[in-house]
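As they're listed, the protein sequences go chains A and B. Its first residue numbered 6, the first sequence is counted upward by one per residue in this note's numbering. Its first residue numbered 10, the second sequence is counted upward by one per residue in this note's numbering. Idealized CB from N, CA, C, for every residue including glycine. Here the structure is a predicted model, which means the values were calculated and not measured. Only one structure is covered here, and it is reproduced in the block below.
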Amino acid sequence: MIILTYIQIYIFNLNKSKGKEGILNMDNMKISGGLGIFKRNKTSENEQKEKIESNRFSSNPFGMTFKGVQLHGDVFQASSPSQGLQSRILKQGKMAVSAAMATLVEIKNIWARKLEPVISALKSINERTAHLTERLSKLTPQIIVESLRQPAKVRNRGISRAAHRVLSKYGSVDNLAIAWQTHPAAALA
Amino acid sequence: MFKAEIEKIEHIIEALGAHPDPSSVGVLERLGTNSPSEEIRELTAKALAQKNTHDSLVVLVINKGKGINDLSPKVAMNSVNEILSLEDKVEVIHILEDTINLHSDEEVRETARSVRALIELS
């Protein structure tokens, strides 16, 4: 005697395509063969969805939320002839969830490693900026503005060859003054 | 002013800056710091700073309208930079402190105070 059992089969479908973080779709399927045909109607589907929503924060992996990724699953309830199928689907569901979690954790770690040097550099810049701001606050406004415009200059340690030639040619300070004054540009003085 | 003329003046100023005769400071002050040309005033300030003597540094620090108090910000900052690049700053610090404490002009005192602070911070 075949006992027709009212079977509700929920299919747990995991869509893990790149760019979508754990967006999962529910798939409704007709199942037939031996146990009768199950046709889902919209009312029961809504009831199931409400049930899932209420289980969202429970420990049930099918009603679990993981870091903003909502996992929609249906509770699989079946009688004993489908226990094997049930356990297989449950296992696959759990494995799919675990894989999704592992992927998201890995993505998070990768970005943390990439961003760490950037964050360190920004912190260093912040510290140096704060230190420089404190130093600059002690100066007059004119000096601050002009110091930002002027590049740092390196002192020439020696005297140029041309200056040496001038010095050796004219010798005394007086001769240099005369040379300067006799130059057309010196007429501007 | 043509480039060749500037070069000649530059060589003369540089030679005066290296001249051991103390009266070279007077020539630089008379002809250089009073020049209408900013470029010549910059070169003069550089030469006076590099001399690093009491008389040459006094010209840069205490005179209103010359050296670090030049009316041109470019020349003034050039003078400040030359002072900051000195290896031996003992004499210029002494002159700056005297200026801060004793000078009659408030603006000159203020500028000397700023340069003194810059020396401490650099």
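Per-residue contacts from residue i into chain B (C-beta, under 8 angstroms)
i                      : result
residue 164 of chain A : 23, 24, 26, 27
residue 120 of chain A : By Cβ distance, chain B contributes nothing, its closest Cβ being about 34 angstroms from residue 120 of chain A, past 8 angstroms.
Per-residue contacts from residue i into chain A (C-beta, under 7 angstroms)
i                     : result
residue 33 of chain B : 178
residue 17 of chain B : 188
Where residue i meets chain B, residues with beta-carbon distance less than 7 angstroms
i                      : result
residue 168 of chain A : 20, 23, 24, 27
residue 172 of chain A : 24, 27, 28
Contact set for residue i: own chain, Cβ-Cβ below 8 angstroms, skip 5 residues either direction
i                      : result
residue 116 of chain B : 73, 78
residue 12 of chain B  : none
residue 19 of chain B  : 52
residue 87 of chain B  : 51, 54, 55
Pick from the options that is closest to residue i, judged by C-alpha positions
i                      : options                   : result
residue 71 of chain B  : B:55, B:122, B:126        : B:122
residue 104 of chain B : B:51, B:58, B:130         : B:58
residue 60 of chain B  : B:27, B:128, B:110        : B:27
residue 89 of chain B  : B:19, B:102, B:124, B:100 : B:124
residue 81 of chain B  : B:46, B:34, B:36          : B:46
residue 34 of chain B  : B:16, B:62, B:14, B:17    : B:62
residue 67 of chain B  : B:15, B:112, B:129        : B:112
residue 17 of chain B  : A:173, A:168, A:111       : A:168
Cβ-heavy atom distance, residue i to the ligand NAD, below 7 angstroms
i                     : result
residue 77 of chain B : No copy of the ligand NAD appears in this structure; indeed no ligand is present at all.
Beta-carbon neighbours of residue i, restricted to chain A and to distances below 8 angstroms
i                     : result
residue 52 of chain B : Correct list: empty, because the minimum Cβ distance to chain A is about 11 angstroms.
residue 30 of chain B : 177, 178
Beta-carbon contacts of residue i that lie in its chain and below 7 angstroms, excluding the five residues immediately before and after
i                      : result
residue 119 of chain B : none
residue 95 of chain B  : 58, 61, 101
residue 113 of chain A : none
residue 98 of chain B  : 128
residue 164 of chain A : none
Within chain A, partners of residue i - CB distance below 9 angstroms
i                     : result
residue 36 of chain B : 178, 179, 181, 182, 185
Close Cβ partners of residue i (< 6 angstroms) along its chain, the five nearest in sequence each way excluded
i                     : result
residue 85 of chain B : 77, 79
residue 58 of chain A : For residue 58 of chain A, the predicted model reports a pLDDT of 49, less than 50, meaning its position is unreliable; a value from the coordinates is still stated below. There are no such residues.
residue 86 of chain A : Because residue 86 of chain A sits at a pLDDT of 47, beneath the cut-off of 50, its placement in the model cannot be relied upon, and the point is left open.
Practice prompt. Please determine if the stretch 30 to 41 of chain B and the stretch 163 to 182 of chain A are in contact, where contact requires at least 3 C-beta pairs separated by less than 8 angstroms.
Written response: By the Cβ criterion, the stretch 30 to 41 of chain B is in contact with the stretch 163 to 182 of chain A, since at least three pairs of Cβ atoms, one from each stretch, lie closer than 8 angstroms.
Discussion item. Taking contact to mean 3 or more Cβ pairs, one atom from each stretch, closer than 8 angstroms, check whether the stretch 128 to 140 of chain A and the stretch 171 to 178 of chain A are in contact.
Written reply: No contact exists between the stretch 128 to 140 of chain A and the stretch 171 to 178 of chain A.
Item to complete: Count the C-beta pairs between the stretch 46 to 61 of chain B and the stretch 13 to 27 of chain B that are closer than 8 angstroms, then say yes if the count reaches three, no if not.
Response: Contact between the stretch 46 to 61 of chain B and the stretch 13 to 27 of chain B is present: 3 or more CB-CB pairs across the two stretches fall below 8 angstroms.
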